[in-house]
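Asker: Sharing a structure below in structure tokens format, with a few things to ask.
Chains as they are written, first to last, in our numbering: chain B, 1 to 651; chain C, 1 to 651; chain F, 1 to 651.
In structure tokens form, the structure reads like this:
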């Protein structure tokens, strides 16, 4: 399938006599795919049982007549008001114990069995009514699971579900007491019915208690998705089921949800994502009209892994959004660049959000391809350009395996939120810092789940800040013959959130003769320089053992250890140190790299290498040895520019 | 009526045998007006129905004997403890859903019908008992409506009232669904009984939902005041009914409350108001002992508008207060300056708060004219000086119409709090910035409500950051032959908080051929320089149309557009840009200005021009051409100094 | 009793067959005292009434066999889960009205009578079962009263208790109304049953209302401790009852709790305490691996006063902790230094927390003397060194009365939290600033309670920022013939939190002819320079009267007044001003001082002077005239070094 453009459309927002024109203009622009329906429940079922699906079929008819394919979203993220009267306790309860009300969206509790049945019911109804429609190209389940902090609910439903889940996991209360270490503060339970949720305590809960609640909550999201997946696939096994995930969002395990998806997708809003990130202010200012040069790419590669290779951008930022503290206009060209970058990383579809800016309700300040007065917004023209360029360049193929991989683990995100030990210590920050360091050299980087059982084919694999080894990953590490970077803090716990008997990093001594004796955690702003450049910050381990010291800090504390091709990093590093470590491994592994100007990134897909320029000025690239000219652009990239080189090795 | 001094007095706080001495000293000092009673309910009715008004009559007798006039406050801001047993649900509920308890003040819910009846009852009792007292000069309703965030309550009473109000406003639920755009996220209602208050949602409510709740809440304040007004006026139509408003407080529409007042008043605490404002730290430091040089004046002019020309300062800061994070001593002379400045802007009465510092309870660190040991505090002597100077100078007349006017709109304050789009974007900031820019040139500035239907007589009128045009204002603009400054963001919405069909600023094209295509909102601290000086910040619009470009920024984006005498400002400006724009319009309108040293301000009243020096050092003024000498002070103003010039044109 | 080392041990956390080895290693290391049991309730009584004390007796047997003495903690800080089913309302309610749940520790309400009986019951059971054990050396009541903000509960139990306490205190509701000044805002009560707790009000409660609630809550802690004390002493009057207090924690009156203790102790975590303090960032960075050089010492002297001379460190930081935002590793040697410093200030026992780092539950990142794998952590070796040095030097004797004393008053801590008037004004900051200024000159400083009735024997006594005079203290001041420093803000209120009739500092005029007319409170960061050096900040009083002016600021406002040997400080000072004032009094009192390098401190105990070096580099001390050589170390102190000099005057 050649990559294509899509758009998100809400026929229920507009007079029916506008649909035809809208569809025609979409087709003329080069749009191929249209997502509809994911917030339309109150129009599909205005009162209980009163189903009104005709209008949606008519909308699909119109779109189909113009050659457009349709993704239908199940509307379960926005149950109608009357549903609350049927199930008053389906509303989730926040960590402060307050039940959240109706009037916005995502007002449901994943643990509420009554609502889960309602969600299955409307999914069945849509599957039955629309599965045969010729324009139908697939389904989206719900919308942005977990958005607005909705993964967790501290309700009676969640408590009851959690107790049952624990009983399933541990079998006996003695096993749970052992696993959680409840003897510590007389927290021992006599039975599962005594267990409460870990909110509103006097001080912190046992970390294993918190972690299990996060695992439980994550499992409910996966179960919610699985229910819809099973229904939708039963009708049309051939049509893909998709969900649209988010940026830097880790409240549930996306790999688990990905088990019942055919395609992963995500909603890419580079400017808003940078503004709401924890990046330093100088980066936020510098890229305020572009977004972080590595953040979208990282998520492209992450969701490529979640989707087992198949992934889309379901919502692509088309201009200023409405949900940042401030919402700057993108640099001209960025809505083109972002689409090209997604295609470079293997996206099958990039779908702009939304067709026409809605003049009413919560998102009225969120741009669309059209203005509220139906005139083209700037992104309209840029989308059209991308459509033409896709056709002209004939870009195709998949984003193949890179030479570099990094393991990303949702459980580790939860673990270090629960127990940072140094405020600001995050799993994801370690993963993204390495991702960026490798990518700056033009390397294709893959993201791997912690269930990975083989690392074959990679020059270098990094496993930073991992809570605990899975059996699979331990085996993968043992059998890997490439260069492996582990640490800091990797393997510092068991799966029950306890310190391993032989201390971290909990690898066999024949692999790595090092163990972490002690942690020196540092306030934000304190840095310990490393000899040769860079510095440790936040986290610093003191180790013992016979591994070789590759780098050490000015106090003589080892920073990078090695034993054969296995490297252990003992500290959280600043950008310079992380770059040095990445560079060292690249040199050791003899991995070929590119020289890229500041702000320029690239990725290979099929027989092409796509370059994008995130900087706000022009940059010049040097053609790589494996390239044979450009099918788009050239060596000079203007701000927000894109160049596509053809690879010599390609057909 | 010549301007006069007053004081706030609490006879119930002191032994009755002190009253005589207090009254004598007040009269000797030059005080003419005394406000009493507004917190005395527990002494007027110690137990339900047990009325004890004699002491208040005796206090009025004593004051009257010394020639003092009395304003009696209805005590409805502080219902006694026993009232809570009668009406447990009269206590308001905050946005987090917590009912607020007894033990401070303003512990009532404007929507609670039972308490509204109690408030009417005690008002009737006071009206009956005191209306005939010869010392009575008027009434104050309640005290500082809305103080401590009490305009809004999220109670069942408020919810029920809101539903009834919506039914009244929209007639049908379909009309409400249309107005709020509830189709957006399946938020459609089947009936008014399904509507909840917009708090404790998963994410934000529809902006029209929030705005209507603010309108509803504002209406309850107005209704509360109207009930007392009607009762008080029924007895003594000749006596004025007054309310004391606050600084930078916009939770309800003061113009609406002003409809049932004879005189508006406000409580002026310049130092505390600056300390708790959003002014930059350097301003807070620089004027820490004086207050912002334009803030009291702006409120003088605002409440002059609210009171249809009649207004007082009901509480004037007399020294350090107790409610700031810190509470600095005023610069010597400031309690004189503030009074003179109020008189300059047309105050009929300036009433110091309070006579004697209370040694007990919440405000024990709040200064009075007397210390707790009854010795004079510094402000005692300054108040005496003002009294003498009022007599000596014979200042009189009214604060006439200025050449400049600015529209201030409470609804626009609410709207941009609900939807700032750029954090920090506020209606009031735009109004005050322009106010200050014009006033620095010695110009008299009027504040106008959005119900204004004629702008006749003004050289320049500014309408910044207005949510939506009223019919009246649209007509006023169309018929205005002076210079008009509109924008940024003015007319960017309909009254239902939607984007107008033809986009903002929503004026007829023959008036202004410009429409806002897109908004570029900027993080705090990012500035886009404007050619010629100044910079855009926070908010920046990109427009299309044929209006002439007067100013543009360094990126070539138009900043000030014009079409004839109508100017449209596309951006929020820093101080320099706002000053440039004001200066440009002054030049275009050929409005004569004064040259004032830094920190010096002035206002004309009757045949006088009063100069005040907010700076911490001496300043020299140049006599204006229309002046013929000074009746107080001269060209040299010491720190905190006051000079009063006589105008040549005056009688 | 010669000073000795102890350790905290949790036999319930480890296999019983490890106990023997643990005990042997403790004894070999030089440990003499072991605290056990304070969190073990769920093992002592796994289900209601099912008592299992045998294991604890066996653990005591093992420890005793190795010559170790045992302190048994009552386990009342961690009631087991089944207790909540018996007493669901024993869980405390926070200021926001939320009941706090089970799952961590300290989940009880001091006002809950049912739980108080349960606590007495388990105390009786332990007293009966263990009192005769030969290894038993004493008891610890509960653990860290008030930790995690648990002194205050806003429950029905607390409300009922508060009402009864008020009835006891005031007798009539009229007396309460008078004391609280409830007339101020019609807050008058008709009966005690109308009084509510001072949380969730519209604005602040009357300060006397808040202060009385704090007094009430403090009394409940004292009553809770008294109940256990009485039970434990009834069985074994000879064994000491101890409680372990905390750092910079003032929610209840520790002197009151100290009335039913034989020995005071505290838990000293210098690094965590500095990190969570309000010290400036530069101090936090500078001493990040040592802790504040005066904070541990101040608490040593404070708890020496609370324990009427007898005190321990019950928990001594052994390495990184887990509860700071970050948790740096101590400088090598600090766990030795801290112990030596405690002994210098008279500690009988310094007990490291804990024996072995627990690999599970909440504190798994908190170091112990052993690592989780039972290997020695660095502190293990440092503790052994201390044990040897104690034996070798034969240090003994008590920490005698110093020449300097400072009054510390918990009620004043509460008062200025309730009414800071200048944000950041704290009683404790004034006390600690003076403590540090005197101690930098090598002076021994005593901390005195406000109940002190004689100041005899001191050269200099300071009473800063005192709410109100007690009769005892007023008498002590009147009869003192040394140099006395009072102010700022001392005596500025009555015991009912009202301004005294003759204003502060409320001392007889023959002692001090000065009264505070007015307060100028300053924003953080604003300083008013004092002539000669230093500056006033936060708080600045303007006084009248005939006292002599010793120092004045650049505006001519008196800063230090004197009348004979009584000095009154009118301002909060920066470090430089406080040092100047201390130096001035030292010179006036002719008190001999030492010259110490930066970061070096000392204290005399018995015939020894112990020097400690908190700086991160070596320092050289000059032997004092009263010393005759060193029994440990010498004039050169490395970083974290300790030297012990023998005094010439000693036996």
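A virtual CB, placed ideally from N, CA and C, is assigned to each residue, including glycine.
As an exercise, report each continuous beta strand (DSSP E) stretch of at least 3 residues that is fully enclosed by the region 116 to 187 of chain B, in chain order.
Answerer: Counting whole runs of 3 or more residues, the region 116 to 187 of chain B contains the beta strand (DSSP E) stretches 136 to 140.
Asker: Closest Cβ-Cβ distance between residue 406(B) and chain F: below 7 angstroms?
Answerer: No - not a single Cβ of chain F is within 7 angstroms of the one on residue 406(B).
Asker: Closest to residue 119(F) by CA distance: which of 465(F), 101(F), 87(F), 97(F) is it?
Answerer: Of the candidates 465(F), 101(F), 87(F), 97(F), the one whose C-alpha sits nearest the C-alpha of residue 119(F) is 87(F).
Asker: With the cut-off set at 7 angstroms, would you say residue 41(F) and residue 80(F) are in Cβ contact?
Answerer: Yes. Within cutoff.
Asker: What residues from the region 510 to 525 of chain C come within 9 angstroms of chain B, judged by C-beta to C-beta, listed N to C?
Answerer: From the region 510 to 525 of chain C, only 515, 517, 518, 519, 520, 521, 522, 523, 524, 525 have a Cβ closer than 9 angstroms to chain B.
Asker: Whole angstroms is fine: what's the gap from residue 326(F)'s alpha carbon to residue 485(F)'s?
Answerer: Rounded to the nearest angstrom, the two C-alpha atoms are 39 angstroms apart.
Asker: Can you have a look at residue 283(F) and say buried or exposed, based on whether 16 or more other CB atoms are within 10 angstroms of its CB?
Answerer: Exposed: under 16 other Cβ atoms inside 10 Å.
Asker: Just to confirm my understanding: we take residue 462(B), look at its own chain, exclude 5 residues before and 5 after, and list those with CB closer than 6 angstroms. What are they?
Answerer: Cβ within range, chain order: 406, 434, 485.
Asker: Applying the criterion that 16 or more other CB atoms from any shown protein chain within 10 Å of the CB defines a buried residue, is residue 52(F) buried or exposed?
Answerer: Exposed is the call here.
Asker: Can you pull the chain C neighbours of residue 572(F), defined as C-beta to C-beta under 7 angstroms?
Answerer: The contacting residues do not exist; residue 572(F) stays about 11 angstroms from chain C at best.
Asker: Closer than 6 angstroms: is that where the CB of residue 26(C) sits relative to any heavy atom of the ligand ATP?
Answerer: The ligand ATP is not among the ligands present in this structure, which contains no ligands whatsoever.
Asker: Ordered along the chain, which non-local residues of its own chain (more than five positions away) have a Cβ less than 7 angstroms from that of residue 494(B)?
Answerer: So the qualifying residues of the chain are 468, 500.
Asker: Indicate whether at least one CB of chain C lies closer than 7 angstroms to the CB of residue 201(F).
Answerer: It does: the Cβ of residue 201(F) has a partner Cβ on chain C nearer than 7 angstroms.
Asker: What distance in whole Å lies between the Cβ atoms of residue 554(B) and residue 528(B), which are believed to be in contact at a cut-off of 8 angstroms?
Answerer: At roughly 7 angstroms, the Cβ-Cβ gap stays under 8 angstroms, so residue 528(B) and residue 554(B) are in contact.
Asker: Thinking residue 589(F) and residue 459(F) are a contact (beta carbons under 8 angstroms), I'd like their distance in whole angstroms, please.
Answerer: About 4 angstroms; that satisfies the 8 angstroms criterion.
Asker: Which one of 97(B), 362(B), 453(B) has the shortest CA to CA distance from residue 181(C)?
Answerer: Checking every option, the nearest Cα to that of residue 181(C) belongs to 362(B).
Asker: Between which residues of its own chain and residue 562(C) is the CB-CB distance below 6 angstroms, once the five residues before and five after are set aside?
Answerer: Around residue 562(C): 548, 550.
Asker: Between the C-alpha atoms of residue 328(C) and residue 420(F), what's the straight-line distance to the nearest angstrom?
Answerer: Those two C-alpha atoms are separated by around 13 angstroms.
Asker: Since I believe residue 537(C) is in contact with residue 560(C) (beta carbons under 8 angstroms), could you give me their beta-carbon distance rounded to a whole number of angstroms?
Answerer: So it is not a contact: roughly 15 angstroms between Cβ atoms.
Asker: Verify the CB distance criterion: does residue 568(B) have a CB-CB separation below 7 angstroms to chain F?
Answerer: For residue 568(B), the answer is no, since every Cβ of chain F falls outside 7 angstroms of its Cβ.
Asker: Hey, does residue 282(F) have any beta-carbon neighbour from chain B nearer than 7 angstroms?
Answerer: No, residue 282(F) lies away from the interface with chain B (no Cβ there is under 7 angstroms from its Cβ).
Asker: Against chain C, with Cβ distances strictly below 7 angstroms, would residue 637(F) count as a contact?
Answerer: Not an interface residue.
Asker: Can you find a CB in chain B that lies within less than 7 angstroms of the CB of residue 191(C)?
Answerer: With 7 angstroms as the cut-off, residue 191(C) does not count as an interface residue toward chain B.
Asker: To the nearest angstrom, how far is the alpha carbon of residue 440(F) from that of residue 422(F)?
Answerer: Near 28 angstroms, if we compare the C-alpha coordinates of residue 422(F) and residue 440(F).
Asker: What in chain B is Cβ-close to residue 13(F), meaning under 8 angstroms?
Answerer: Residues of chain B passing the Cβ test: 183, 184.
Asker: Let me confirm a value: residue 531(B) is counted as buried when at least 16 other C-beta atoms fall within 10 Å, else exposed. Which label applies?
Answerer: Label assigned to residue 531(B): exposed.
Asker: Can you give me the start and stop residues for the beta strand (DSSP E) that residue 630(C) sits inside?
Answerer: Run containing residue 630(C): 627 to 632, per the beta strand (DSSP E) assignment.
Asker: Could you give the DSSP three-state label for residue 499(C): helix, strand or coil?
Answerer: Looking at residue 499(C) - three-state DSSP - the assignment turns out to be coil, as it is neither helix nor strand.
Asker: Ordered along the chain, which non-local residues of its own chain (more than five positions away) have a Cβ less than 6 angstroms from that of residue 335(C)?
Answerer: Result list for residue 335(C): 318, 379, 382, in chain order.
Asker: For residue 543(B), which residues from the same chain have a beta carbon less than 8 angstroms from its beta carbon, with the 5 sequence-adjacent residues on both sides left out?
Answerer: Counting only Cβ-Cβ distances below 8 angstroms, and skipping sequence neighbours, we find 514, 515, 516, 517, 558, 561, 568, 570.
Asker: Can you tell which of 619(C), 640(C), 603(C) has the C-alpha that lies nearest to the C-alpha of residue 647(C)?
Answerer: For the residues 619(C), 640(C), 603(C), the minimum Cα distance to residue 647(C) belongs to 603(C).
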